[in-house]
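Chemist: There's a structure below that I have some questions on.
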DNA sequence: AAGTACAGCGAAAACGGTTTCGTGTTGATA
DNA sequence: TATCAACACGAAACCGTTTTCGCTGTACTT
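Protein chains in written order, with the working numbering: chain L, 19 to 357; chain W, 19 to 357.
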């Protein structure tokens, strides 16, 4: 086991000072050609690599980004992480992932763990419990300490920071309008309670499209589940309780599950009933029939978030100006609707 | 913006030395009741939290784990991360995730980035390129430096370290046997080239089950794709080229896609043709029909890996003894086969 | 009165770097 | 010959902790 070599080791071996070694390795003008060559050769030979921790302590920069998300098994968050990771890595940053598992307490604990020097900034999507509680003090504390935060997807307006979202209202509006254009009359919405910022916006887009049409909103056609967790019984009861010819769901799991129920009842998709979901995941692509979705462009969202964060981290000025980027959703047409 | 407070700040305010503050906060016997109370009260008031980086530098322990995996969008890896994250967090560790994207170079670069002090140990699954090349020097270097490594799922025997796998051969054997028991005769396998350790083992289990039966292996019923990437054309051509009554696939995507093709040909599942895949993801659960799979217990695998790694990191002894844990796969029976 | 014990605290080194600010040597210049 | 700039390097501070060791003062012992 050959331990890591340090500047001190090189200095001792070559009988020069630590400062000289440090400068030589950085190709400083101050050091003679001769010495530089000697030091660099030695460093290469022993595979010297500076200790990141020491550099972090000195620079007060860790080159780590903290990502705190509710869940990692949902395809959307996975793609966001991938986007963040790719972009961050290209700029020399590492990504520390923490899962809040939709719990307020875990979100707080995770942030506290990371906020004491481990990271240069946060990229987060709020846990449902946090959005429900409306308590954002942990975020405020962090921003007050000067640690930059970028909120994506599940955001709040009560915290001053950069934000990245897709236009969820528009997405739902587009989807609902598509149904209407295709002659669907009884259009349902399976969503979650309004405390989730995204669900609220999507519900609003759904309403808007219906209100603009001659159809109007029928409240009994809206199912609000308490969370994004699958609740097979409630969805089944809801779909069994009435006749529908189109269903919009706030995620792909609800949609694919609903399609299965419809098929078991002998309904033809999309003729008898059409479906559109949110999130363009594997499930949508490989479902049978494949599911039309409102794509949230998770990877793009991750990239944009990472760019905003790193730009802020590396900017010298302490401008307290925050922006909210709104990405456009797109409808990915597949076999669960006419086309 | 109130910046973080340090020991030095407290010392200055309270007119004591830094050492005294440090000790007082740790409730050292050395410090008088009075002073301790004063210091602790002050620290609490100003919400003092020790700087992780400084502590890392001092202790040569970061409480960070580096996880390097080929991909994050595959359900299996996602669940493993979740298992790692949960367990590691409970023991006070953070998880730094890096994606190799199946590239040897990225794997090397990521490891190098992390190996210079950022982490206490690695949990990894090899990229396909690494397994194909058979070059494991980056792993060897790291272990030689005394950094513990745990390899999971995609492993190699050329590196001395702890390993966690499921019994892939057994999993494929169980699945194939199930087909045979259900009277299937023409059983195909869709897999990848043997350089992927898991595919090799699975192919071997498939062969074993067939050889044990009266059926025997028909090489034309084995499709070896170059990677885990979806190749719709080759799968379609393969399935179109012959008559089959059962298909085992090394992942759920291949299986679900294949089911779709069969259905479009008018075949009934599972009567005319049955399917089993690997990986118990959302896709399997919500596919139509739902897919029977060999579950790899990703979350468990993550937990076990994290436990092995952290135990090693925290153990004092430098015992160079490594173990390989083999988890049992289980067959999750769903509608794509008889039951 | 001298010695001892101990409580309570601070100085300083250490972790591994970076960076500022000298300082001694050399050769050229006036 | 005295002056000076340039060159090449080292000492030391610093980032924020922890920890060892030594010092001071008080109280107690004999």
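Backbone N, C-alpha and C define an ideal beta-carbon position, used for all residues, glycine too.
Pick from 278(W), 282(W), 268(W): whose alpha carbon is nearest that of residue 296(W)?
Modeler: Taking the first residue of the second chain as 1, we reach residue 296(W) at position 278. Per the Cα distances, 268(W).
Chemist: Identify the continuous beta strand (DSSP E) that holds residue 141(L) and give its terminal residues.
Modeler: Your numbering for residue 141(L) matches position 123 in the first chain. From DSSP, the beta strand (DSSP E) with residue 141(L) extends over 139 to 142.
Chemist: Taking all protein chains shown into account, do 16 or more other C-beta atoms lie within 10 angstroms of the C-beta of residue 63(W), making it buried, or fewer, making it exposed?
Modeler: Here residue 63(W) refers to the residue found at position 45 when the second chain is read from its first residue. By the 10 Å Cβ count, residue 63(W) comes out exposed.
Chemist: Of the residues 118(W), 348(W), 106(W), which one's Cα is nearest the Cα of residue 100(L)?
Modeler: Position 82 of the first chain, counted from the start, is the residue given in the question as residue 100(L). Checked all of 118(W), 348(W), 106(W); the closest Cα to residue 100(L) is 118(W).
Chemist: Residue 148(L) lies in the alpha helix (DSSP H); which residues open and close that run?
Modeler: Taking the first residue of the first chain as 1, we reach residue 148(L) at position 130. Counting along the chain, the alpha helix (DSSP H) containing residue 148(L) begins and ends at 146 to 151.
Chemist: Beta-carbon separation of residue 186(W) and residue 135(W) under 9 Å?
Modeler: Looking up residue 186(W) in the second chain gives position 168. Looking up residue 135(W) in the second chain gives position 117. Not a contact, by the Cβ cut-off of 9 Å.
Chemist: Closer than 9 Å by beta-carbon distance: list the chain W residues that pair up with residue 21(L), in chain order.
Modeler: As a first step, residue 21(L) is located in the first chain; it is residue number 3 there, counting from the start. Neighbours of residue 21(L) on chain W, chain order: 163, 164.
Chemist: CA-CA distance, residue 19(L) and residue 128(W)?
Modeler: To locate residue 19(L), count along the first chain from 1; it is residue 1. To locate residue 128(W), count along the second chain from 1; it is residue 110. The straight-line gap from Cα to Cα measures roughly 21 Å.
Chemist: In three-state terms, what does DSSP make of residue 316(L)?
Modeler: In the first chain, residue 316(L) corresponds to position 298, counting from 1. DSSP places residue 316(L) in helix when its eight states are reduced to three.
Chemist: According to DSSP, is residue 205(W) helix, strand or coil?
Modeler: Along the second chain, one-based indexing puts residue 205(W) at 187. Residue state, collapsed to three classes: strand.
Chemist: Looking only at its own chain, which residues have a Cβ that is under 7 Å from the Cβ of residue 25(W), when we skip the five neighbours before and after it?
Modeler: The count along the second chain starts at 1 and reaches residue 25(W) at position 7. Counting only Cβ-Cβ distances below 7 Å, and skipping sequence neighbours, we find 36, 39, 40.
Chemist: According to DSSP, simplified to helix, strand and coil, what is residue 264(L)?
Modeler: Along the first chain, one-based indexing puts residue 264(L) at 246. It is a strand residue.
Chemist: Which partner residues of residue 44(W) appear in the DSSP bridge assignment?
Modeler: Walking along the second chain from the start, residue 44(W) turns up at place 26. In the DSSP output, where bridge partners are listed per residue, residue 44(W) has none listed.
Chemist: To which residues of the same chain is residue 56(W) closer than 7 Å at the C-beta, ignoring the five residues directly before and after it?
Modeler: Position 38 of the second chain, counted from the start, is the residue given in the question as residue 56(W). These residues qualify, in order along the chain: 32.
Chemist: Are the beta-carbon atoms belonging to residue 91(W) and residue 141(W) less than 9 Å from one another?
Modeler: Locating residue 91(W) in the second chain gives position 73, where the first residue counts as 1. Locating residue 141(W) in the second chain gives position 123, where the first residue counts as 1. No, the Cβ-Cβ distance between residue 91(W) and residue 141(W) is not below 9 Å.
Chemist: State the Cα-Cα distance for the pair residue 155(W) and residue 121(W), rounded to the nearest angstrom.
Modeler: Walking along the second chain from the start, residue 155(W) turns up at place 137. Walking along the second chain from the start, residue 121(W) turns up at place 103. Approximately 15 Å between the Cα atoms of the pair.
Chemist: Less than 9 Å between the C-beta atoms of residue 215(L) and residue 161(L), yes or no?
Modeler: As a working mapping, residue 215(L) is identified with position 197 in the first chain. As a working mapping, residue 161(L) is identified with position 143 in the first chain. It is not a contact, given that the beta carbons lie outside the stated cut-off.
Chemist: What are the residues in the segment 313 to 339 of chain L lying within 7 Å of chain W by C-beta distance?
Modeler: If the cut-off is 7 Å between Cβ atoms, the segment 313 to 339 of chain L has nothing near chain W.
Chemist: So, do the segment 254 to 262 of chain W and the segment 191 to 199 of chain W have three or more beta carbon pairs nearer to each other than 8 Å?
Modeler: Segments in contact, no.
Chemist: Taking only the alpha-carbon atoms, compute the straight-line gap between residue 321(L) and residue 21(L) and give it to the nearest angstrom.
Modeler: For the purposes of this step, residue 321(L) is taken as the residue at position 303 of the first chain. For the purposes of this step, residue 21(L) is taken as the residue at position 3 of the first chain. Those two C-alpha atoms are separated by around 37 Å.
Chemist: Suppose you measure from the CA of residue 159(L) to the CA of residue 169(W); what does that come to, to the nearest Å?
Modeler: For the purposes of this step, residue 159(L) is taken as residue 141 along the first chain, with counting starting at 1. For the purposes of this step, residue 169(W) is taken as residue 151 along the second chain, with counting starting at 1. The alpha-carbon atoms of residue 159(L) and residue 169(W) are separated by roughly 38 Å.
Chemist: Using a Cβ-Cβ cutoff of less than 6 Å, which residues in the same chain neighbour residue 324(W) once the five nearest sequence positions on both sides are dropped?
Modeler: Looking up residue 324(W) in the second chain gives position 306. These residues qualify, in order along the chain: 102, 105, 106.
Chemist: Check whether chain W comes within 9 Å of residue 116(L), counting only Cβ atoms and requiring the distance to be less than that.
Modeler: What you label residue 116(L) is simply residue 98 of the first chain in a count that begins at 1. Yes, its Cβ sits closer than 9 Å to a Cβ of chain W.
Chemist: How would you call residue 88(W), buried or exposed, if buried means at least 16 neighbouring beta carbons within 10 angstroms?
Modeler: For the purposes of this step, residue 88(W) is taken as the residue at position 70 of the second chain. By the neighbour-count rule (16 or more Cβ atoms within 10 Å), residue 88(W) is buried.
Chemist: Can you tell me which of 303(L), 179(L), 147(L), 289(L) puts its alpha carbon nearest to the alpha carbon of residue 351(L)?
Modeler: On the first chain, residue 351(L) is found 333 positions in, with the first residue counted as 1. It is 303(L).
Chemist: Measure from the C-beta of residue 58(L) to each C-beta in chain W and report whether the shortest distance is under 9 Å.
Modeler: Walking along the first chain from the start, residue 58(L) turns up at place 40. Answer no: the Cβ-Cβ gap between residue 58(L) and chain W never drops below 9 Å.
Chemist: Please report how far the alpha carbon of residue 233(L) lies from the alpha carbon of residue 287(L), in whole angstroms.
Modeler: The residue given as residue 233(L) occupies position 215 in the first chain. The residue given as residue 287(L) occupies position 269 in the first chain. Between residue 233(L) and residue 287(L), the C-alpha separation is close to 22 Å.
Chemist: Just to confirm, are residue 231(L) and residue 184(L) a CB contact at a threshold of 9 Å?
Modeler: Within the first chain, the letter at position 213 stands for residue 231(L). Within the first chain, the letter at position 166 stands for residue 184(L). For residue 231(L) and residue 184(L), no; Cβs fall outside 9 Å.
Chemist: What are the residues of the segment 271 to 284 of chain L that lie near chain W, defined by any Cβ-Cβ distance shorter than 7 Å?
Modeler: Per Cβ criterion, the list reads 271, 274, 275, 278, 281.
Chemist: Please name the residue, chosen from 319(L), 357(L), 355(L), 353(L), that lies closest to residue 345(L) on a Cα-to-Cα basis.
Modeler: Locating residue 345(L) in the first chain gives position 327, counting from the first residue. The option with the nearest alpha carbon to residue 345(L) is 319(L).
Chemist: Using the Cα positions of residue 189(L) and residue 219(L), report the straight-line distance between them to the nearest angstrom.
Modeler: Against the first chain, residue 189(L) aligns to sequence position 171. Against the first chain, residue 219(L) aligns to sequence position 201. Each residue's Cα considered, the two are about 9 Å apart.
Chemist: Anything in chain L within Cβ reach of residue 72(W), meaning under 8 Å, just list it in chain order.
Modeler: What you label residue 72(W) is simply residue 54 of the second chain in a count that begins at 1. In chain order: 75, 135.
Chemist: At the level of alpha carbons, what is the spacing between residue 84(L) and residue 275(W)?
Modeler: As a working mapping, residue 84(L) is identified with position 66 in the first chain. As a working mapping, residue 275(W) is identified with position 257 in the second chain. Rounded to the nearest angstrom, the two C-alpha atoms are 36 Å apart.
Chemist: According to DSSP, residue 116(L) sits in a beta bridge with which residue or residues?
Modeler: Numbered from 1 along the first chain, position 98 holds the residue referred to as residue 116(L). For residue 116(L), which the question treats as bridged, DSSP gives the partners 86(L).
Chemist: In terms of residue numbering, what span does the beta strand (DSSP E) encompassing residue 350(L) cover?
Modeler: By one-based count along the first chain, residue 350(L) stands at place 332. It spans 348 to 350 - the beta strand (DSSP E) in which residue 350(L) sits, taken as one unbroken run.
Chemist: Could you work out which residue in 167(W), 205(W), 278(W), 327(W) is closest to residue 309(W) when comparing CA atoms only?
Modeler: Taking the second chain and counting its residues from 1, one reaches residue 309(W) at position 291. Considering only alpha carbons, the answer is 278(W).
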